[in-house]
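From first to last, the protein sequence lines are chains A and B. The opening position of the first sequence corresponds to residue 1010 in the numbering used here, with each subsequent residue numbered one higher. The opening position of the second sequence corresponds to residue 5 in the numbering used here, with each subsequent residue numbered one higher. A quick write-up on the structure given underneath.
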Amino acid sequence: MSFEPKILGIACNWCTYTGADLAGTTRLHYPPNVRVVRVMCSSRINPSFIFRAFQLGADGVLVGGCHPGDCHYNTGNLYARRRLAVTKKILEFAGLEPGRFRVEWISASEGNKFAEVVQEFTAQIKELGPQQKLKIDELQEKA
Amino acid sequence: MTDFRQIENNLKKEAKRLLEAGEVAVVLAYGRGYDEKHPMPFAAKTIADVESLVFNEYCNFNMASYLMRYPWGTKIAIAAKAADSRAIIQLVQEEKVRREDLVILGIPAYGMKNQKTNEVVDSKTTGGLYNPVIYDILLGEEIHGQKIVSPYEVLAEYEAMDKEERWAFWKSQMDKCIRCYACRKACPMCYCDPCFIDQNKPRWADKAPQSPGNMMYHLTRFHHLAGRCIDCGECSRACPVDIPLYLFHKKVAKECEEMFGQAAGMKLEDKPVLVDFRVEDSDKILE
Ligand code: SF4
Ligand code: SF4
Ligand code: FES
């Protein structure tokens, strides 16, 4: 059986989530591996969400927000950019494959970009294979 | 070499003067422990307390972590070595204490020793500075002429590892953790109440000292200290199972310095890097 990665997508309500909607309404095809969670802004994302997602079995995490300068709350994604950059460095230094975590700016009108990013990211995670480092053994902890 | 005697005498003298004049309510410094090698954090509140003050090469505690125990506005004198002074600056930046409420008794110290290993504490496990960055009264002579080594030099070996090896290294280290939280307690920047790891809703991680919960605790703690850790090394010295937490903190500090151009706790007027941004920050940092 081929490996179907489980990818967590976290998208801000105003841009990326709407962009994902647009991808759907324009009937673009993209792999169904990304499960999207909607947050109000990319700055809502607590870095622990990302660590926790990997622990609970995500093979990859994709964060989407408005383009810098376009955040609905003006500066949310500017804070998020710094914060998530640190998250990335931490995962990397811990020894996780850097390719498993990605941040993309996708606007409400970029349905095609959303589809492309999902396609590309899914392919990349397939290449990397299942994420086993942070994933917890269910017997060890019931969350 | 630092004249520890002289510093101890000056410390007593200044503490006495400040308490007598009523300029401060408390002097945060070091007191006698059960032996020479184990001095303790000590808060002198009366003139009689001053006699118990000590200073020697084992006085590593970062007294800045005690600052937040006093009601807002309490006048406090605090003994501060190089890293401790950076912690104070960082706490002022974070509006946890006010500069005007503090009398900083600066201690230039070279040759501090780890009480467990007796090794000299230097840039391998700390920021490697010897003179306080900020002070009101200096208790000894400034130290000059020491070789300046980048605090990030020790990282080279770990950065060169491949990711599998690094993962194996950190996993084996984190697996040792007994979740005593001494690291958190020792850290001047770990002041949240409750700490995320003690929260029940949501419950971020398992509280048992097992691999996954340990990993979650530490990764998140490293993140919460990003751009804030001032590299005093106290967390690692406090750890009963000798986890080299300083390595990870140094790495995060290095990345922050490279990405945002600012080291933690160096200037009173700085803003901590993660509660700040520049419009021109590059998207390259996310690659
Ligand atoms: S994380 Fe460790 S080295 Fe950094 S400030 Fe806290 S105790 Fe000091
Ligand atoms: S001091 Fe060491 S053993 Fe205790 S919680 Fe921190 S890392 Fe774990
Ligand atoms: S609302 Fe989209 S990133 Fe802030």
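No residue lacks a Cβ here, since even glycine has one placed at the ideal position from N, Cα and C.
Here the stretch 1113 to 1131 of chain A makes contact with the stretch 1066 to 1076 of chain A; the two share three or more CB pairs at distances below 8 Å. Distances from the CB of residue 238(B) to the heavy atoms of ligand 1 include at least one below 6 Å. The beta carbon of residue 43(B) is closer than 7 Å to those of 34, 35, 36, 37, 58, 60, 62 and 63 in its chain, skipping five residues each way along the sequence. Less than 7 Å separates the beta-carbon of residue 66(B) from that of residue 91(B). By the neighbour-count criterion, in which a residue is buried when 16 or more other Cβ atoms sit within 10 angstroms of its Cβ, residue 239(B) is buried. Burial is judged here by how many other beta carbons sit within 10 angstroms of a residue's own beta carbon; residue 1044(A) has fewer than 16 and is exposed.
Interface criterion not met: the Cβ of residue 67(B) is under 7 Å from no Cβ in chain A. Per DSSP, reduced to three states, the secondary structure at residue 51(B) is coil, with no helix or strand assignment. Along the stretch 1038 to 1058 of chain A, going in chain order, the ones with a CB nearer than 7 Å to a CB of chain B are 1056 and 1057.
Counting only Cβ-Cβ distances below 9 Å, residue 227(B) has contacts in chain A at 1056, 1057, 1060, 1092, 1095, 1096 and 1099, in chain order.
If you draw a straight line from the Cα of residue 181(B) to the Cα of residue 211(B), it is about 12 Å long. Distances from the CA of residue 105(B) to each of 146(B), 69(B) and 27(B) were compared; the closest alpha carbon is that of 27(B). Within chain B, the residues whose beta carbon sits less than 9 Å from that of residue 1112(A) are 287 and 290, listed in sequence order.
Between residue 1012(A) and residue 1144(A) a beta carbon distance of about 14 Å is seen, past the 8 Å cut, so the two are scored as non-contacting.
Within chain A, the residues placing a beta-carbon under 7 Å from that of residue 230(B) are 1095, ordered along the chain.
Close to chain B, meaning a Cβ-Cβ distance shorter than 8 Å, are the following residues of the stretch 1070 to 1086 of chain A: 1077, 1078 and 1084.
Annotated three-state conformation of residue 239(B) is helix, per DSSP. Residue 125(B) and residue 84(B) have their C-alpha atoms some 16 Å from each other. Beta bridge pairing from DSSP links residue 99(B) with no other residue. Using a Cβ-Cβ cut-off of 9 Å, residue 1088(A) is close to 278, 279, 280 and 281 of chain B, given in chain order. Separation of the CB atoms of residue 200(B) and residue 1057(A) is rounded to 7 Å, and the pair is thereby assigned contact status at 8 Å. Relative to ligand 1, even the nearest heavy atom lies 6 Å or more away from the CB of residue 247(B). By the rule that beta-carbons nearer than 7 Å mark a contact, residue 1142(A) touches chain B. Each of 1084(A), 1109(A) and 1025(A) was checked against the Cα of residue 283(B), and the nearest Cα belongs to 1084(A). Out of 17(B), 98(B) and 172(B), the CA that lies nearest to the CA of residue 229(B) is found in 98(B). Here residue 51(B) is exposed, its C-beta having fewer than 16 other C-beta atoms within 10 Å. Judged by DSSP secondary structure, residue 171(B) falls within the alpha helix (DSSP H) whose first and last residues are 167 to 180. Exposed is the label assigned to residue 262(B), since fewer than 16 other Cβ atoms lie within 10 Å of its Cβ.
Put simply, the CB of residue 259(B) is near chain A, with a gap under 7 Å to one of its CB atoms. DSSP places residue 1017(A) in the uninterrupted beta strand (DSSP E) bounded by 1016 to 1021.
DSSP, read as helix, strand or coil, puts residue 1099(A) in helix.
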